[in-house]
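In my numbering, the protein residues as written are 1 to 131.
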């Protein structure tokens with residue numbers, strides 16, 4: 001107990017220095033907690049956005065589609081697969097999509113876009129693309 005008493009008196013021997021250090025530690029901790037919370041929120045929002053607008057919870061595509069996103073690389077027997085998925089009790093909803101990369105041009109310039117072709121009524125059940 002004597003050591004704690006001596007240490008406490010030593011801390012407050014120079015009040016100005018001690019208050020500056022305590023303030024710096026508190027501000028640094030608050031900034032760290034704020035930044036950490038901001039990043040966790042950003043990651044959660046980005047994950048939600050990715051799942052509900054781009055990939056969904058499950059993605060089925062042609063085996064070569066990830067190597068080269070060509071519009072001709074369609075899922076073989078897609079209609080049969082879609083019908084099969086519709087009858088699975090564990091699957092609440094499914095939707096077919098056609099995704100391709102396009103170039104949009106105006107007189108001022110060009111830009112690359114991702115074009116999503118969807119069935120609007122089925123898409124409402126699986127994503128936020130309709131909003």
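Glycine residues also receive a C-beta, built at the ideal position from the N, C-alpha and C atoms.
Can residue i and residue j be called in contact, C-beta distance under 8 Å?
i	j	result
residue 99	residue 114	yes
residue 82	residue 118	no
residue 101	residue 112	yes
residue 73	residue 64	yes
Please classify residue i as buried or exposed, where buried requires at least 16 neighbouring CB atoms within 10 angstroms.
i	result
residue 127	buried
Check residue i in the structure and name its three-state DSSP category.
i	result
residue 48	helix
residue 74	coil
residue 6	helix
residue 60	coil
residue 54	helix
residue 127	coil
Which residue's Cα is closest to the Cα of residue i: the options?
i	options	result
residue 76	62, 68, 125, 84	62
residue 86	51, 46, 49, 125	125
Within the stretch 79-122, note down every full beta strand (DSSP E) run reaching 3 residues or more, in order along the chain.
97-105, 110-118
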